[in-house]
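Residue numbers (the numbering used here): 175 to 564.
This is the structure in structure tokens:
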């Protein structure tokens with residue numbers, strides 16, 4: 175296939191971009207080196223416009239096709255890649271492993287950025303499309319605020335974007351396979367913080383105390399029943415606690431405890447139900463135990479929802495690259511993605527690109543699979559050329 179053949183020629187450069195970014199991971203809104211690297215490459219490629227500082231450390235590249243659309247109006251599509259890393263100590267031992275202690279690209283954003291750079295190089299070179307491709311390099315996806323920061327800086331309006339597309343690597347999905355579905359793709363995520371104020375004291379006199387650890391344990395187990403007893407088994411929802419902090423010494427019943435976790439849902443109805451029931455369970459345990467319990471639920475990512483028209487375009491582009499048998503309708507998952515905000519601002523679609531048999535996302539042994547690069551890069555190219563036909 176012509177695109178894949180040309181991308182194969184470019185592959186050593188794209189892999190080099192990826193490994194350079196991998197070796198220099200940066201957290202959300204601190205992607206100064208990464209942003210500068212991206213902007214420099216885009217200028218080298220001959221993009222018509224390169225804008226930095228969109229959403230603080232975001233970068234946007236603009237490539238215009240050979241001509242306008244036949245009706246005289248430029249049609250504009252946005253292609254988004256995320257750039258930030260995670261606060262994880264890398265355990266791969268690779269020659270290009272992270273040079274920054276405690277930071278690594280454990281979610282493949284190095285690969286996402288490199289694949290979009292590869293597509294930018296090809297598109298700027300050939301311009302075999304009508305209209306405009308806007309390449310969006312997003313900061314701070316992992317903290318869930320990068321997309322909104324770019325939107326707040328006028329991303330859609332400034333560049334006239336009509337549709338927007340995102341892509342993420344998928345460990346466990348074979349190399350050369352794409353996963354796409356219409357409708358909900360990734361969950362809405364809400365962070366949960368619970369602070370318990372009990373009554374500390376001597377372990378030999380528990381009847382004079384309110385044990386905050388015991389109250390916290392009751393909350394963790396009771397709140398799981400919200401999913402088991404209140405959510406339709408045919409619906410999807412997740413609730414988990416990631417932190418439980420209490421106590422400073424032995425022989426003292428702890429007075430305070432803090433719990434932090436998250437809830438994940440795919441529909442507004444289930445989201446509201448779970449929030450409501452969490453509040454009721456917390457209030458009930460506070461009454462029963464006598465503890466003071468403060469509950470805070472803060473929204474993070476909305477549901478990533480694939481709209482019909484852009485999803486169909488993405489499916490066609492993926493089939494052009496990988497063949498019909500290698501484009502699968504994948505079920506929704508309960509991970510979160512702030513691409514949701516871009517797809518709320520404009521019709522959009524989010525695609526999975528197989529990463530093969532790698533370690534899981536957010537794991538210290540994870541590494542983006544360079545064998546996925548020709549497929550992901552070619553997908554972006556085909557998407558532009560099929561959506562913005564000359």
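Glycine included, C-beta positions come from ideal geometry on N, C-alpha and C.
Best match in the options for proximity to residue i [C-alpha to C-alpha]
{"i": "residue 562", "options": "503, 491, 516", "result": "491"}
{"i": "residue 307", "options": "470, 295, 253", "result": "253"}
{"i": "residue 379", "options": "535, 211, 228, 425", "result": "425"}
{"i": "residue 223", "options": "215, 234, 229", "result": "234"}
{"i": "residue 420", "options": "355, 389, 189, 179", "result": "389"}
{"i": "residue 446", "options": "260, 423, 473, 239", "result": "473"}
{"i": "residue 650", "options": "314, 484, 392", "result": "Any property of residue 650 remains undetermined from this structure, which presents the chain solely from 175 to 564."}
{"i": "residue 287", "options": "556, 266, 546", "result": "546"}
{"i": "residue 362", "options": "215, 179, 506", "result": "506"}
{"i": "residue 395", "options": "211, 375, 364, 433", "result": "433"}
{"i": "residue 551", "options": "340, 480, 383", "result": "340"}
{"i": "residue 192", "options": "256, 229, 236", "result": "256"}
{"i": "residue 260", "options": "213, 226, 201", "result": "201"}
{"i": "residue 318", "options": "328, 236, 478", "result": "478"}
{"i": "residue 298", "options": "327, 219, 347", "result": "219"}
{"i": "residue 559", "options": "302, 526, 495, 365", "result": "302"}
{"i": "residue 496", "options": "262, 231, 557", "result": "557"}
{"i": "residue 316", "options": "329, 443, 203", "result": "203"}
{"i": "residue 228", "options": "461, 329, 358", "result": "329"}
{"i": "residue 503", "options": "323, 294, 359, 216", "result": "359"}
{"i": "residue 480", "options": "236, 508, 517", "result": "517"}
{"i": "residue 291", "options": "452, 267, 210", "result": "210"}
Residue i, enclosing alpha helix (DSSP H) - first and last residue
{"i": "residue 325", "result": "320-326"}
{"i": "residue 365", "result": "Looking at the DSSP string, residue 365 is not in any alpha helix (DSSP H); the run it does join, the beta strand (DSSP E), is 362-371."}
{"i": "residue 403", "result": "386-404"}
{"i": "residue 427", "result": "That residue, residue 427, is in no alpha helix (DSSP H); it is neither H nor E in DSSP."}
{"i": "residue 441", "result": "Element bounds for residue 441: n/a, residue is neither H nor E."}
{"i": "residue 564", "result": "Careful: residue 564 lies outside any alpha helix (DSSP H) and carries neither H nor E."}
Residue span of the beta strand (DSSP E) that contains residue i, given as start and end
{"i": "residue 333", "result": "Segment 329-333 is the alpha helix (DSSP H) holding residue 333; no beta strand (DSSP E) there."}
{"i": "residue 466", "result": "466-473"}
{"i": "residue 346", "result": "Note, residue 346: premise wrong, no beta strand (DSSP E); not H, not E."}
{"i": "residue 410", "result": "Here residue 410 belongs to no beta strand (DSSP E), and DSSP marks it neither H nor E."}
{"i": "residue 478", "result": "478-480"}
Where residue i sits in the DSSP three-state scheme
{"i": "residue 274", "result": "coil"}
{"i": "residue 123", "result": "Residue 123 lies beyond the range of the chain shown here (175 to 564); nothing can be said about it."}
{"i": "residue 182", "result": "helix"}
{"i": "residue 285", "result": "helix"}
{"i": "residue 293", "result": "helix"}
{"i": "residue 176", "result": "With a pLDDT of 46 at residue 176, under the threshold of 50, the predicted position of this residue should be treated as unreliable, and no value is reported."}
{"i": "residue 463", "result": "helix"}
{"i": "residue 451", "result": "helix"}
{"i": "residue 314", "result": "coil"}
{"i": "residue 307", "result": "strand"}
{"i": "residue 203", "result": "coil"}
{"i": "residue 260", "result": "strand"}
{"i": "residue 422", "result": "coil"}
{"i": "residue 433", "result": "strand"}
{"i": "residue 340", "result": "strand"}
{"i": "residue 374", "result": "coil"}
{"i": "residue 198", "result": "coil"}
{"i": "residue 381", "result": "helix"}
{"i": "residue 211", "result": "helix"}
{"i": "residue 553", "result": "helix"}
Cβ shell of residue i (< 6 Å), same chain only, five flanking positions each side left out
{"i": "residue 631", "result": "Past the edges of the chain, shown from 175 to 564, lies residue 631, and the structure says nothing about it."}
{"i": "residue 482", "result": "356"}
{"i": "residue 279", "result": "196, 199, 259"}
{"i": "residue 494", "result": "556"}
{"i": "residue 467", "result": "370, 456, 460"}
Own chain, CB closer than 8 Å to residue i, minus 5 neighbours either side, in chain order
{"i": "residue 448", "result": "400, 401, 404, 405, 411, 413, 437, 439"}
{"i": "residue 377", "result": "425, 426, 427"}
{"i": "residue 543", "result": "285, 343, 349, 529, 530, 532"}
{"i": "residue 197", "result": "270, 271, 272, 273"}
{"i": "residue 176", "result": "At residue 176, the pLDDT of 46 sits below 50, so the modelled position is not reliable; the number obtained from the coordinates is stated separately. Within the same chain, residue 176 has no close Cβ partners at all."}
{"i": "residue 525", "result": "339, 340, 341, 342, 352, 353, 354, 488, 492, 553"}
{"i": "residue 564", "result": "239, 240, 241, 302, 303, 304"}
{"i": "residue 398", "result": "413"}
Close beta carbons around residue i, own chain, < 7 Å, minus the five adjacent residues each side
{"i": "residue 534", "result": "345, 540"}
{"i": "residue 250", "result": "305, 306, 308, 333, 334, 335, 336"}
{"i": "residue 384", "result": "372, 373, 463, 464, 465"}
{"i": "residue 485", "result": "354, 356, 523"}
Residue-chain proximity (residue i, chain B), Cβ-Cβ < 9 Å
{"i": "residue 459", "result": "Given the protein chain composition of this structure (a single chain), no chain B is represented."}
Scan the stretch 215-258 and note each continuous beta strand (DSSP E) run of 3 residues or more that stays entirely inside, going in chain order. Uninterrupted beta strand (DSSP E) stretches at least 3 residues long and entirely within the stretch 215-258 occur at 223-228, 232-238, 250-256, given in chain order.
What are the start and end residues of each continuous alpha helix (DSSP H) run of 4 or more residues lying completely inside the stretch 484-537, in chain order? The qualifying runs are 513-519.
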